[in-house]
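Below you'll find the structure, written out as structure tokens, and then a few comments.
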Amino acid sequence: MRRGYVNIGSDEAPVLIHYRQQGQGPVLLMLHASPVSSHALLPFIRVLSPYVTVIAPDTPGYGYSDQLQGAGLKISDYAAALDQFCQGLGLVNAGVYGSATGAQIAIEFSKRFEQRVDYLILDNAADFNDEERKRITAGYFPDLAPDALAGHLIKIWAIARDLGVFFPWHERSKEARLPASMINADAVHTTAMGYLQAGKDYDRAYRAAFANERAAELLPVKVPVTIIRWEGSILKPYTDRFDKVPWADNVCMAYCGPTLAERIDTLTETVKKYIKNSRSVAAAKAIGHAGQYTMRRFIDLDSDQVHTCQAGMSNQHGLLLLHNLTESCRALAEILSSLSDHFHVIAPDLPGHGASEIEANDLQAVVLILAQLIRKTQISDVAVLAVGDSAAVAVALGLQYPDLIARLYLLNPVDYTKQHEGQDGWVAPLFPLDFTVADDGSHLLKTWYMLRDSQLFWPWYEHNPSHALGGQPELDADDLTARLVDYWQLQPGVKKLSEIIRNYPLQSVMNELVPPLSLLTIKDSPRGGPSRINFAGHGFIELSQQPDQWAQELMQDEPFSEIMQACL
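If you read the sequence shown in my numbering, its first letter stands for residue 267, the second for the next number, and so on.
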């Protein structure tokens with residue numbers, strides 16, 4: 267599986283569309299339902315990849331794709347975006363599969379850009395009349411903006427749960443009850459994470475799809491069409507209406523049972539039928555990256571990919587920015603932007619974090635991947651700024667690859683192997699990394715308060731005055747929600763990595779470093795107190811709360827100043 271971005275905006279105002287690609291042979295575009303992303307299509311992608319080159323973009327505004335600009339977006343706007351995406355990849359022809367929202371985008375794309383489409387496969391499509399559409403959409407899209415009291419988590423879990431029991435989910439009546447209703451906690455969690463990642467504008471493509479959901483929209487399509495009639499679809503009563511539509515000869519039905527396996531088998535046989543006459547060829551040009559202009563890129567390494575956020579000019583001195591454990595490079599966006607005037611900043615999602623779906627479950631493996639990343643990006647004399655628990659990663663990198671590293675900066679580091687009088691409880695406060703999904707969604711609330719309390723107490727689980735943190739806590743609801751999404755995207759191997767970092771003798775190992783090192787803290791930051799106690803006797807450079815001032819403040823550090831002068 268390879269991943270990348272295509273920019274359908276401009277260099278000055280990029281709109282990045284994230285996609286997954288796997289397989290060989292003719293191209294099949296796969297468009298997902300709302301509010302999830304192409305990640306939900308992975309079972310289909312893996313089965314189809316022996317027959318076709320599957321390219322599955324995240325719909326704009328979902329998953330890792332940027333939102334389209336403008337209000338009142340229509341399904342035609344998403345079809346036009348898909349055409350720009352295809353142009354960016356050099357795709358001339360492709361088969362198109364779409365489920366739910368993806369089906370409506372696929373229909374409009376086939377009408378507007380018929381010359382691009384070899385065939386069309388529709389899944390979870392429906393036929394609503396205007397009265398039904400008005401009634402359904404009236405309550406289908408509540409406000410799910412992040413709430414400081416975590417109310418959005420409760421609402422999202424309730425919606426994701428009832429999507430499998432009622433249609434529409436908000437009409438909890440006997441008539442709305444689904445005949446094959448079931449609750450699968452893992453499936454509910456996946457849908458809930460889709461809502462959380464899409465954010466407060468989760469409804470934009472969703473609404474546009476409902477407005478288009480009528481059989482009449484499909485009648486003008488001239489390319490070969492198969493409508494999968496899946497017994498397990500929540501839309502089945504509305505899909506069954508297709509039997510009364512006077513379809514042209516290019517439209518046929520494929521009926522299958524209620525299980526996912528039956529649906530996958532039907533899709534596979536349909537694709538195999540169509541590719542015999544497909545005009546598209548193997549997508550030799552399809553795989554790629556967004557280019558030099560973007561802040562987000564996937565970097566190909568020896569055997570996998572690392573997701574990065576980047577900024578700054580390539581001729582500037584390199585700065586490797588490492589996020590805290592359980593987070594992603596998203597958390598460093600403001601710091602990355604502020605330092606990009608002076609550095610070419612590369613902030614990777616550490617292996618097992620964010621979009622870097624690499625199973626690196628030990629420190630040595632992570633360090634090796636970062637060294638490959640540095641060499642791949644061809645930056646030399648790299649300064650490393652590590653936040654929180656990634657300090658151990660930075661120090662291990664400096665020890666093993668001193669030829670690559672010019673300088674190390676550790677922001678609010680903690681050595682969990684050090685004991686301090688009266689502070690026994692806070693020597694092992696790393697998050698427990700329990701990924702058990704609860705039927706009632708309580709695992710999301712547990713994570714929310716764990717993240718929230720980490721700004722109030724050290725460790726986060728010691729809720730008493732002696733462990734209260736001073737300074738200004740960061741309790742913004744949007745940021746806490748993003749951190750919660752980061753947490754639930756972690757790969758299982760991060761559990762082992764966290765244990766290794768907990769037992770890493772940071773202070774004693776620091777003395778063996780060849781590259782010079784400085785400790786940093788942020789003025790009035792809650793996490794600065796534990797770091798100062800833990801590293802008592804070490805000098806700290808105190809940074810302001812505004813990252814746009816950091817470059818100037820770090821210039822007061824002599825080694826940093828020498829680096830800066832070298833790249834001017």
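Each residue gets a CB set at the ideal place from its N, CA and C atoms; glycine is no exception.
In this structure, Lys340 is the residue among Lys340, Glu437, Ser603 and Leu711 with its C-alpha nearest to the C-alpha of tyrosine 472.
In this structure, the alpha-carbon of leucine 585 lies about 30 Å from that of alanine 464. Contact between the segment 755-763 and the segment 706-720 is absent, with fewer than three C-beta pairs closer than 8 Å. Put simply, the backbone Cα of leucine 779 is about 50 Å away from that of valine 293.
Linking proline 725 to alanine 577 through their CA atoms gives a straight-line distance of about 34 Å. Take the alpha-carbon of alanine 626 and the one of isoleucine 635: they are about 9 Å apart.
Inter-residue distance for glutamate 437 and leucine 588 is about 46 Å (C-alpha atoms, whole angstroms). In this model, alanine 802 and arginine 312 are separated by some 53 Å (Cα to Cα).
The C-beta separation of lysine 377 from valine 487 comes to about 6 Å, placing the pair in contact by the 8 Å criterion. According to the DSSP secondary-structure assignment, arginine 545 is paired through a beta bridge with no residue. Between proline 813 and serine 604, the C-beta gap is smaller than 8 Å, which places the two residues in contact. From the listed residues Met459, Leu665 and Gly805, the smallest Cα separation to lysine 421 is found for Met459.
Closest option to glutamine 290, judged by alpha-carbon separation, among Gly329, Phe310 and Ser315: Ser315. For tryptophan 496, the enclosing beta strand (DSSP E) has its first and last residue at 491-496. Per DSSP, the unbroken beta strand (DSSP E) holding valine 517 starts and ends at 517-522. Residue pairing of threonine 319 in beta bridges, as defined by DSSP: Gly289 and Val293.
Taken through DSSP and simplified to helix, strand or coil, phenylalanine 723 comes out as strand.
In terms of Cα proximity to aspartate 570, the closest of Ala621, His608, Arg562 and Ala527 is Ala621. With a threshold of 16 other beta carbon atoms within 10 Å, glycine 356 falls short and is exposed. The beta carbon of arginine 529 sits closer than 6 Å to those of Trp496 and Cys522, all from its chain and outside the five residues before and after it, given in chain order.
Beta-carbon to beta-carbon, threonine 492 and valine 302 are separated by about 23 Å, too far to satisfy the 8 Å threshold.
Counting the other Cβ atoms within 10 Å of the Cβ of glycine 805 gives fewer than 16, which makes it exposed. In the assembly as shown, threonine 747 is a buried residue. Its beta-carbon has 16 or more other beta-carbons within 10 Å. As for any beta strand (DSSP E) of minimum length 3 sitting wholly inside the segment 717-772, there is none. Rounded to whole angstroms, the gap between the alpha carbons of aspartate 752 and proline 614 is 14 Å. Here the alpha carbons of isoleucine 767 and tyrosine 682 stand approximately 8 Å from one another. For glycine 584, no alpha helix (DSSP H) segment is defined; the enclosing uninterrupted segment is the beta strand (DSSP E) at 583-588.
At the C-beta level, proline 524 and alanine 446 come within 8 Å of one another.
For leucine 485, the number of other beta carbons within 10 angstroms of its own is below 16, and it is reported as exposed. CA-to-CA, the gap between isoleucine 402 and aspartate 324 works out to about 25 Å. DSSP links tyrosine 675 through a beta bridge to Leu651 and Ser784.
Under the three-state reduction of DSSP output, glycine 405 falls in the helix class. Here valine 572 is bridged, per DSSP, to Ile565.
Inter-segment contact for the segment 380-390 and the segment 495-510 is present: three or more beta-carbon pairs are separated by less than 8 Å.
Around the beta-carbon of alanine 652, 16 or more other beta-carbon atoms lie within 10 Å, marking it buried. If you draw a 10 Å sphere on the C-beta of glutamine 755, you find 16 or more other C-beta atoms in it, and that means buried.
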